[in-house]
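Sequences listed follow chains A and B, in order. One rule links them: number in my numbering = place in the first sequence (from 1) + 5. One rule links them: number in my numbering = place in the second sequence (from 1) + 180. Quick notes on the structure that follows.
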Amino acid sequence: MTATVPPITTAAARAVFASKIYGHGDTEVRALDGVTVDFDRGQYHAIMGPSGSGKSTLLHCIAGLDRLTTGDVWIGDINLNTLNEKQLTRVRRDHIGFVFQAFNLIPTLTAIENVRLPMSLAGRDADDAWVDRVIETVHLADRLQHRPSELSGGQQQRVAVARALASRPDVIFADEPTGNLDSKASAEILTFMRQAVDEFQQTIVMVTHDPIAAAYADRVVFLADGKIVDEVRDPTPDTVLAVIRRLGD
Amino acid sequence: MWKVTWKGLLAHKLRFVLTAVAVVLGVSFMSGTLVLTATINATFDDLYTSIYAGTDAQVRGIEPVNAQVGPGSTPRLPVSASVLAVVQGVDGVEVAEPEVDIPYVQVVDGAGDPVGGGAVPTFGQSWGDNSDLNAFRLVPGSAAPTADDEIVIDKGTADEGDIEVGDRVDVLSLLPPREYIVVGIAKFGSQDSTLGASVVQFTIPEAQRINGMATDQYSDIGVVADSGVSQEQVRDDIAAAIANPNVEVLTGTELIEENQDEVGGILDIFNKVLLVFAGVALFVSCFIIYNTFSIIVAQRTREMALLRAIGASTGQVQTSILLESVAVGVLASLVGFVGGVLLAAGLKALLDLTGFDIPAGDIVIPPIAFALSFAAGLIVTVLSAMIPARRAARVPPVAAMRDVAVEHRRGFGYRIAIGLFITVGGAALMLFALFGSPSNAIYYLGAGAVSVIVGVIVVGPVIAVPMSRIIGWPLPRVRGVVGELARENALRNPRRTSATAAALMVGVSLVGFITILAASTKASVADTLDEQLGSDFIVSGGSGFGSVPLSPAIAEEMAALPELGPVSPLRFAGGTIDGKGEFIVALNTETEDELFDLGVTEGTFASLDVDGVGVSTPYAEDHDLAIGDTIDIVFTGTGLTPVQIRALYEGNDVFGLAGNFVISIESFDAHFLPEQRLDFIILARLAPGATAEHGQAAIENVLEPYPTAKLQNNAEFRETQEDTIAAFVNLVYALLFLAVFIAIIGIANTLALSIYERTRELGLLRAVGTTRRQLKSMVRWEAVIIAVLGTLLGLVIGFFFGWSVVLALEEDGFSSFDPAPGQLAIIVIIAGIAGVLAAVFPARRAAKLDVLQAISTE
């Protein structure tokens, strides 16, 4: 544990001097190289960067799916570094929401059961009014009793977003949530996520390689070679593309 | 294609080890059985070869009756001194020595304990001086018996009873116990005894006296031929000289073969029974292999499709899977065979501990044992992989581009129709076998039982869904979403779940059957004892209806006790009636039905003097007999004798004691050979006014010199019977354990493979906050559902088996059907626990998954 900086910001999640190193000596790869970044509450953040830039590693480490080699990550005022495996699982369950690129849902559970899964696992009663509102927002009311195999890819991702929202987490992490969708379904999902930030004051951190998707965010952070190299506020597809081109040169 | 096969095997080592274990265990059981019986067989072959090594011919009486009942081998007519004289005069006969065999004698050691008995026989014979005919050799310091109170005992008996030359010992026989001086101790060749049997050798007159024979009667005559005269020659010459239809002559070789065949026949039954259990184990293995290959094929759909896409033919894909199964089958069968040989060696050592004195010979491994076990293991493996292999071959090349692991749910309608047809047909066949009394009923019964099981297996995938739903119904309520996930996981692959459960079902159906049968037997025994036995005391030799017979002197002495009212021994022998060997019971008919209520419907037992017989009503009806009719019975002593039916009785006791024919003790003594007069049990009732304590003390006083005789009251006797039943049931449970164990391995195997298949899903569950403990719990409950599903199906089948068999045995005294709900419930609970145990390893694997890797698994 290095540099246990107390959270003095309003960040929902933050990384401080975060490094992730694979291998030793000659084969050493620094996937993350001393990244410090805050993700403020009530904001929609996007992380971009070329393949191997460390964007997914950063997301996984902040989300408590992976551990840093050095540095700290915080979810609210919880330092994930100090937690054991069991506590980390609890944090994921109670404070974090996830949307993955694919295979977001448990095939044996219905849509509504998938939405309520984190609460069910915690043995908590879901806030029914809230869950209803979330479901309404993502237009799932008529699909609740369907199994994932009976839903289209877009519908499945909407269920995943609903699940992430349903437990009212401190922060939602989305890893290429529209990577497998066509443009219409992508737009739907991104709109729902935008709504979640605007209407429900949720915090979202999304990894994407799509400038159009990134343009839905309030802020885009650019990574290259494990370091933050640039940042764009209130992005548009064009401003994002411009940064990408510049970084590519 | 070999390369693909081999790489496939190496890539999935663990699952193949688990699959192979199932085959290994089944093959071990089978080869162990074959090797053990071959070894025992060879041991007995050697024994008889050495016993009759010097005998060129034997002259003996014929078997007057073709039924073997009671101790010892089937009684033969004695040969007389006049025959001996004729034999001695035949040309080519060098020596002809008379021999007397005594079916039962037993030495009592200095501490008053009987020596030997139990699993090994104790018997007596006359000492022969000719060393060609008598294979026993006196140890230094010993002498042959010359006086009537002198005996020679085998060294095994001497060592066990701590007896030395010059000691005085009591010997039990059908006469009152008598004290003898041990003048000699003999070894059998280099062995201390004949496979642990306790043999006492007397002078000929004493042996004749014990058997109740006249002084000019012998059991047989051993012959040594002059050198140069063949066994056949001397046999034929003797037979021609005697020319008596009641006497037969055999060569030494024939005698050896006859004895070997007799032992071989018993071992053959033993062999078949064990092979049935080995077969059950192998049958259960089929499901494990089928499941493993099915899952592997499903998981490798893309690989198969890719092979097809780059030009492999359906045949080549199918062959590659079958070759995998061949490799597994060959390896598992080889390992299993080695295991079987070790098992046989272990069991042989165990037999030594139970009193058998088996020479430290080599384990006999007949080539056929290897061939059969190897073939069985290989065929079971390859056949079980056949369907998965065909399924693999049907994968279209385009599947390379599609998602993996799709289960087809076609043909459920056909399944129900075919499965029900087979089940109902099997049940009908069983009922026909049980109630239609066809010949070869046992084969119909077996075929019917197998059909019922196979039918249920066919319907399995259809009923697995609703049944798992019901079994798992409480889970979401008590275990929340984890319970629901467990239940849904058990449901998602009905074919896989049902095949896994079916493996357990097979074993459990037999466990359930035996449990119900045993409970019903127990209940029926209780009924019989309560309703049919009017005794206060029961004297038996050893445990329950023990193998050690009692001297008739005991019953005579007990009858004289003033503390006792009616006393009756029970005695059995075989007689021939209508050309068939029948079981004849003798009892004290003067006590009528006071001690043993056989339900006399007509006439009286008291009227059964030496010329009378009581016949059971079912036999009388079947053979159109009425009271007053005369039937001809061939007795061992008096030959064909007409007797009159003086009583008819129902006689449906669960022990089958009454049989179809009852005669009086007087009649028994008159019609059977004297050496057959051994009592089986003795029933006694207190005299009016006598207390139980007094009665017991008086009987114990009588039994003092008879250490094998055991006195019990009805309750104790019942307990002994129940213990005997329990011991039998435990033995069957032990034999079935392997099949159940393999099924449990199957559950573990299926779960491990399922978990491998669901890696990404498990990763997702962990990512959204499922704890390791919850994941383990999920796997565990899925295992419990599968285990309980298999157990419930098995118990339903077992219940039907038990019910039908008990019902069919009603006429044989099975008065009570006890479904044993308590025991069946315990079986279900044990199954649940077994499921939990089966899940330990897969659950641990599931919990250990690295979340990040799991999510990103393709």
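Glycine is no exception: its CB is placed at the ideal position from the N, C-alpha and C atoms. Note that the coordinates shown come from a computational prediction; the quantities given were computed from them, not determined experimentally.
Check, Outcome
"List, in order along the chain, the chain A residues whose C-beta lies closer than 8 Å to that of B/GLU941?", "PHE108, ILE111, PRO112"
"If you follow the beta strand (DSSP E) that B/THR431 is part of, which residue opens it and which one closes it?", "427-431"
"How would you list, in chain order, the residues of chain B whose beta-carbon sits under 7 Å from the beta-carbon of A/LEU70?", "ALA947, VAL1031, LEU1032"
"Is B/SER553 near B/MET210, with beta carbons less than 8 Å apart?", "yes"
"If we ignore side chains and look at the alpha-carbon of each, how far apart do B/SER704 and B/GLN397 end up?", "45 Å"
"Jot down the residue ranges of each uninterrupted beta strand (DSSP E) in the stretch 43-73 of chain A, minimum 3 residues, whole runs only, in chain order.", "49-53"
"On the DSSP letters alone, give me the boundaries of the alpha helix (DSSP H) that B/PRO568 sits inside.", "547-573"
"May I have the straight-line CA-CA distance separating B/SER311 from B/VAL363, to the nearest angstrom?", "18 Å"
"What does B/THR680 touch in chain A if you count any residue whose Cβ is under 7 Å from its own?", "Here the premise fails: no neighbours, minimum Cβ distance about 17 Å."
"Should A/LEU126 go down as buried or exposed, given a rule of 16 or more other Cβ atoms within 10 Å for buried?", "buried"
"Can you tell me the Cβ-Cβ gap for B/LEU354 and B/ILE384, rounded? I've got them flagged as a contact below 8 Å.", "With 8 Å as the limit, B/LEU354 and B/ILE384 do not qualify as a contact, their Cβ atoms being about 17 Å apart."
"Under DSSP, the beta strand (DSSP E) around B/SER378 begins and ends at which residues?", "378-382"
"Given a cut-off of 8 Å on the beta-carbon distance, is the pair B/ILE543 and B/THR229 in contact?", "no"
"Shortest alpha-carbon distance to A/GLU193 belongs to which of A/ASP223, A/ALA219, A/GLN160, A/MET211?", "A/GLN160"
"Only counting the same chain, and skipping five residues up and downstream in sequence, which positions put a Cβ closer than 8 Å to that of A/ALA8?", "Because A/ALA8 sits at a pLDDT of 46, beneath the cut-off of 50, its placement in the model cannot be relied upon, and the following sentence gives the value as read from the coordinates. Correct list, in chain order: VAL21, PHE22, GLY76, ASP77."
"Do B/GLY714 and B/ARG595 count as a contact pair if the criterion is CB distance below 8 Å?", "no"
"Short of 8 Å Cβ to Cβ, which residues in the stretch 659-670 of chain B face chain A?", "GLY660, VAL661, VAL662, GLU664, LEU665, GLU668, ASN669"
"Hey, does A/THR94 have any beta-carbon neighbour from chain B nearer than 8 Å?", "yes"
"Using the C-alpha atoms, what's the distance from B/GLU442 back to B/ASP417?", "27 Å"
"When the cut-off is 8 Å and only beta carbons count, does B/ARG672 lie next to chain A?", "yes"
"Can you give me the C-alpha to C-alpha distance between B/LEU216 and B/LYS528, rounded to a whole angstrom?", "7 Å"
"Anything in chain B within Cβ reach of A/LYS91, meaning under 7 Å, just list it in chain order.", "THR951"
"Closest to A/LYS232 by CA distance: which of A/ARG97, A/ALA17, A/ILE26, A/ALA16 is it?", "A/ILE26"
"If you pair each beta-carbon of the stretch 925-932 of chain B with each one of the stretch 621-633 of chain B, do three or more pairs fall below 8 Å?", "no"
"Is it right to say B/LEU1029 is buried, meaning 16 or more other beta carbons lie within 10 angstroms of its own, or is it exposed?", "buried"
"Just by C-beta distance, which residues in the stretch 159-179 of chain A are closer than 8 Å to chain B?", "ARG168"
"Pick from B/ARG946, B/VAL404, B/LEU502, B/VAL1031: whose alpha carbon is nearest that of B/GLY272?", "B/VAL404"
"Here's a check: name, in chain order, each residue in its chain whose Cβ is nearer than 6 Å to the Cβ of B/GLY212, leaving out the five neighbours to either side.", "GLY520, LEU523, ALA524"
"Is the shortest distance between the beta-carbon of A/ALA222 and the beta-carbons of chain B less than 8 Å?", "no"
"Where do the ends of the alpha helix (DSSP H) carrying B/GLY1012 lie?", "1001-1028"
"Run through the stretch 392-464 of chain B for me and flag every whole beta strand (DSSP E) of 3 or more residues, listed as ranges in chain order.", "400-405, 427-431"
"Strictly below 7 Å CB to CB, what residues from chain B border A/HIS151?", "Chain B residues near A/HIS151: none, gap ~14 Å exceeds 7 Å."
"Once DSSP output is grouped into helix, strand and coil, what is the label at A/ASN84?", "strand"
"Tell me which residues share the same chain as B/ALA800 and place their Cβ nearer than 8 Å to its Cβ, disregarding the 5 neighbours each side in the sequence.", "ALA806, ILE825, LEU828"
"Using a Cβ cut-off of 8 Å (strictly closer), state whether B/ILE966 contacts chain A.", "no"
"Whole angstroms is fine: what's the gap from B/ALA597's alpha carbon to B/LEU609's?", "18 Å"
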